[in-house]
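Heads up, the thing below is written out as structure tokens.
Residue numbers (our numbering): 18 to 585.
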């Protein structure tokens, strides 16, 4: 049996699958296929693979028995490693592939395809293009189809009965990673700890799709550890425990009884210890979403969890806080997680333990802040309150790794659906100016605090070129973009020393600094190296010793800084 999995990429509130991130959907589907038919020949393509050679893909697809398309961006962002599938591409490819059975699933079939914020997302109609439009769990439906060998016998709305149902799929499907374009490079695998939202008991946030999945259904520690063991055996060294709305409430108490369940720190320890036991040489082990309300309402448990995370993870980790708004009226009207003072307290608690710098150059664990605009009750005053909230963080010398500002996307079956895009449309110009102010007045000074000049960032992967520039990132939940003004070899890991800052990125030089080979424009990026000094350095190269270099530099203070950073 020949099967094609086409990954159009996914991005959800709890889950990311745009390269170098690989989400659970392709792995679960591959595992379901191999569980049902162990000799199945599965070919995995990304949408970027297809764009590079559409003819080859169509040729392979027409020879297949089954083509499965996975897609769905619910929280659009800017992506360096891939470009999610567009609606017109889905239509075009579906029409070009005539013979095999065609299935579409993932968020695109359940909620629709988001292209940009501030828009209503209408669930598309795919029934005239695909044989099966999966509104349930695609891995379950694919498994049933292969077992039953009949479209008529399957239910496209079927969901997994429990998380235990996918345990074999998760481990068996790990093998599909060997076909990913980032395999053995910078591939980072998203791993699910649970799905569903603890706050579904009160309806959750007005705009979010996670409460639509119901209350949390936790994966057993053993199953998560076994999946990571399988991924590790195939060479994965970067893991993100990102597929949950609140990592701190994994296996928490009182689920379904209270809005903020009490965390169990020892369950978090059991999970992370288990992961490190089977995958001791992970280069990245990061988390993603954390509810700041959990930290505020359970301070002591939260502090214990932060310490446990730092014990087992890798530095540069981010606890993404869905603060959403610092306007108390908006918080109330949209059922958001925390009032501004509560959110601020949670930020302080994470900073208390997580701001310590780790081996790779970044603080261990910092909060990230998500703000969503266009929510019910929003006024121009909301923008002012949000800005003041961020200013206060800066003034009180707290660190926030990322500030994500977006316009709401409106999905069917959420509370926002009845309001549409009417609120955000009133404030589009306000939003634009406010975003510019934050980038200039908040992001820039913040990034200077997080990675001061002369910070060395370790294990940065060189991803692409743009003109004479090179772009690199560490492999992380929320990596910092590094720009270097020289052309470096792609697909290699190197270290960079930071010499300047942008609003959302930094300027770096390969480390240690090769003073005898550095191009002029890169030399001039080094703080303290003027055009005149750069000319003297170039005219007197090569240097055989630091003393020789120091005599030409003629700047004792700068020489003292550079001594430990340059090589000959």
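Just so it is clear, CB atoms sit at the ideal spot from N, CA and C, and this is done for glycine as well.
Roughly how many whole angstroms lie between the Cα atoms of residue i and residue j?
i	j	result
residue 360	residue 509	39 Å
residue 419	residue 531	31 Å
residue 276	residue 82	47 Å
residue 119	residue 110	10 Å
residue 475	residue 203	14 Å
residue 321	residue 545	43 Å
residue 484	residue 506	14 Å
residue 33	residue 584	39 Å
residue 542	residue 421	28 Å
residue 284	residue 224	30 Å
Let me check understanding here. Comparing Cα to Cα, which of the options lies closest to residue i?
i	options	result
residue 126	115, 146 and 287	146
residue 20	555, 86, 228 and 170	86
residue 486	536, 422 and 467	536
residue 22	37, 51, 32 and 33	51
residue 200	566, 441, 506 and 39	39
residue 387	46, 49 and 94	94
residue 458	437, 519 and 503	519
residue 517	470, 350 and 352	470
residue 440	425, 48 and 454	425
residue 298	255, 286, 336 and 313	255
residue 222	582, 417 and 390	390
residue 144	43, 326, 249 and 121	121
residue 27	396, 96 and 53	96
Name the two residues that bound the continuous alpha helix (DSSP H) containing residue i.
i	result
residue 448	445-455
residue 127	124-127
residue 371	357-371
residue 564	563-570
residue 399	397-412
residue 186	184-189
residue 292	282-295
residue 337	Looking at the DSSP string, residue 337 is not in any alpha helix (DSSP H); the run it does join, the beta strand (DSSP E), is 334-341.
With distances taken between CB atoms, is the gap from residue i to residue j smaller than 8 Å?
i	j	result
residue 207	residue 124	no
residue 370	residue 324	yes
residue 392	residue 347	yes
residue 357	residue 345	yes
residue 354	residue 310	yes
residue 384	residue 428	no
residue 175	residue 189	no
residue 513	residue 501	yes
residue 9	residue 410	The requested residue 9 is not part of the displayed model; the chain covers only 18 to 585.
residue 451	residue 528	no
residue 89	residue 37	no
residue 472	residue 378	yes
Where do the N-terminal and C-terminal ends of the beta strand (DSSP E) with residue i fall, by residue?
i	result
residue 75	Per DSSP, residue 75 belongs to no beta strand (DSSP E); it is in the alpha helix (DSSP H), 71-79.
residue 482	473-483
residue 207	205-209
residue 29	19-29
residue 240	Taken as a continuous stretch (DSSP letters only), residue 240 belongs to no beta strand (DSSP E), being part of the alpha helix (DSSP H) at 238-250.
residue 267	Note, residue 267: premise wrong, no beta strand (DSSP E); not H, not E.
residue 573	Careful: residue 573 lies outside any beta strand (DSSP E), inside the alpha helix (DSSP H) at 573-579.
Return yes when the C-beta of residue i is under 7 Å from any heavy atom of the ligand SAM, and no when it is not.
i	result
residue 90	This structure lacks the ligand SAM, and indeed carries no ligand of any kind.
Residues in its own chain within less than 8 Å of residue i by CB, not counting five upstream and five downstream?
i	result
residue 330	289, 302, 303, 304, 381 and 382
residue 606	Any answer about residue 606 is impossible in this case: the structure gives the chain only from 18 up to 585.
residue 171	149, 158, 161, 162 and 165
residue 177	154, 156, 157 and 183
residue 210	235, 236, 241, 258, 260, 261, 264, 267 and 288
residue 232	213, 214, 215, 217, 218, 272 and 273
residue 629	Not covered by the structure: residue 629. The range shown for the chain is 18 to 585.
residue 76	none
Residues in its own chain within less than 7 Å of residue i by CB, not counting five upstream and five downstream?
i	result
residue 318	279, 280 and 282
residue 563	580
residue 573	none
residue 462	411
residue 108	146
Which residues in the same chain as residue i place their Cβ atom closer than 6 Å to its Cβ, once the five residues preceding and following it in sequence are excluded?
i	result
residue 315	279 and 280
residue 61	22, 193 and 196
residue 191	247, 248 and 251
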